[in-house]
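One structure below.
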Amino acid sequence: DAGITQSPRHKVTETGTPVTLRCHQTENHRYMYWYRQDPGHGLRLIHYSYGVKDTDKGEVSDGYSVSRSKTEDFLLTLESATSSQTSVYFCAIGELHEQFFGPGTRLTVL
Amino acid sequence: SQQGEEDPQALSIQEGENATMNCSYKTSINNLQWYRQNSGRGLVHLILIRSNEREKHSGRLRVTLDTSKKSSSLLITASRAADTASYFCATAAEGGYQKVTFGTGTKLQVIP
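If you're matching them up, the sequences are chains A and B in order. The first sequence begins at 1 in our numbering and counts up by one. The second sequence begins at 1 in our numbering and counts up by one.
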């Protein structure tokens with residue numbers, strides 16, 4: 001998986017609790033992305049980063065925040081998890097011509 | 001709505017047959033990519049075709065791009081059971097924005 005790890009790989013949480021997902025890369029890539037994957041929707045971009053402390057919103061950013069304090073780490077936070085945020089979350093690194101994906105985190109919000 | 005829409009949503013073929021998947025998109029693009037996703041795994045990049053190219057080959061993969069129709073097709077020849085996966089097209093928009101937009105995918109099953 002191109003030197004990309006995600007943690008945790010599985011998480012079950014309750015509505016209203018905060019959740020942080022971590023993406024770690026060893027490729028020194030400038031660009032990092034968070035996607036969610038849901039049946040019938042494919043992958044949708046949540047947020048992306050183009051450098052340390054430089055982030056921007058994707059198409060489904062409501063309810064999510066991100067932080068990138070180091071090149072290798074990109075954190076996705078659900079401030080107050082809702083059942084609609086039950087999904088599989090993928091981190092990716094790369095450029096416009098090719099992206100490399102992590103193994104995914106399966107999040108269930110009860 | 002999604003930039004890329006794949007057709008068909010699901011496809012089941014016998015091993016050895018060819019598989020064709022189509023992707024349509026809405027806005028002008030810099031390039032179009034195809035990815036494969038095996039069950040429970042992340043996506044893997046297969047091939048990229050630039051907006052000024054019409055056809056590209058890589059092994060058993062053949063990709064075509066028709067920018068006038070805003071569509072692309074992925075052909076997998078002589079399919080194998082190991083090709084069973086979901087396939088996604090992804091478009092990078094013109095303008096240099098550092099993000100791609102993924103379609104909803106085609107689920108391919110190759111029956112041995």
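Even for Gly, the Cβ is constructed at its ideal location relative to N, Cα and C.
Contact check for Thr-106 (chain B) against Gln-9 (chain B) passes: the beta carbons are separated by less than 8 Å.
Phe-74 (chain A) and Gln-25 (chain A) have their C-alpha atoms some 9 Å from each other.
Using beta-carbon distances, Pro-103 (chain A) counts as an interface residue toward chain B, with a partner under 8 Å. Beta-bridge analysis with DSSP links His-24 (chain A) to A:Thr-5 and A:Asp-73. In the DSSP assignment, Gln-14 (chain B) forms a beta bridge with B:Ile-111. Within the segment 41 to 62 of chain B, contact with chain A at the beta-carbon level (separation under 8 Å) is assigned to Arg-41, Gly-42, Leu-43, Val-44, His-45 and Leu-48.
A distance below 6 Å between beta-carbons, with the five flanking residues on each side excluded, links Arg-106 (chain A) to the following residues of its chain, in chain order: His-10 and Val-88.
Your pair Gln-6 (chain A) and Leu-21 (chain A) checks out as a contact, with CB atoms roughly 7 Å apart and the cut at 8 Å. According to DSSP, residue pairing for Asp-7 (chain B) in a beta bridge involves B:Asn-22. Between Val-66 (chain A) and the set A:Thr-77, A:Gly-58 and A:Phe-101, the nearest pair of CA atoms involves A:Thr-77. Taking 9 Å as the Cβ-Cβ cut-off, the segment 58 to 70 of chain A approaches chain B at Gly-58 and Glu-59, given in chain order. In terms of Cβ geometry, Thr-104 (chain B) and Glu-6 (chain B) form a close pair [threshold 8 Å]. Proximity of chain A to Asn-31 (chain B) at the Cβ level (cut-off 8 Å) is accounted for by Leu-96 and His-97, in chain order.
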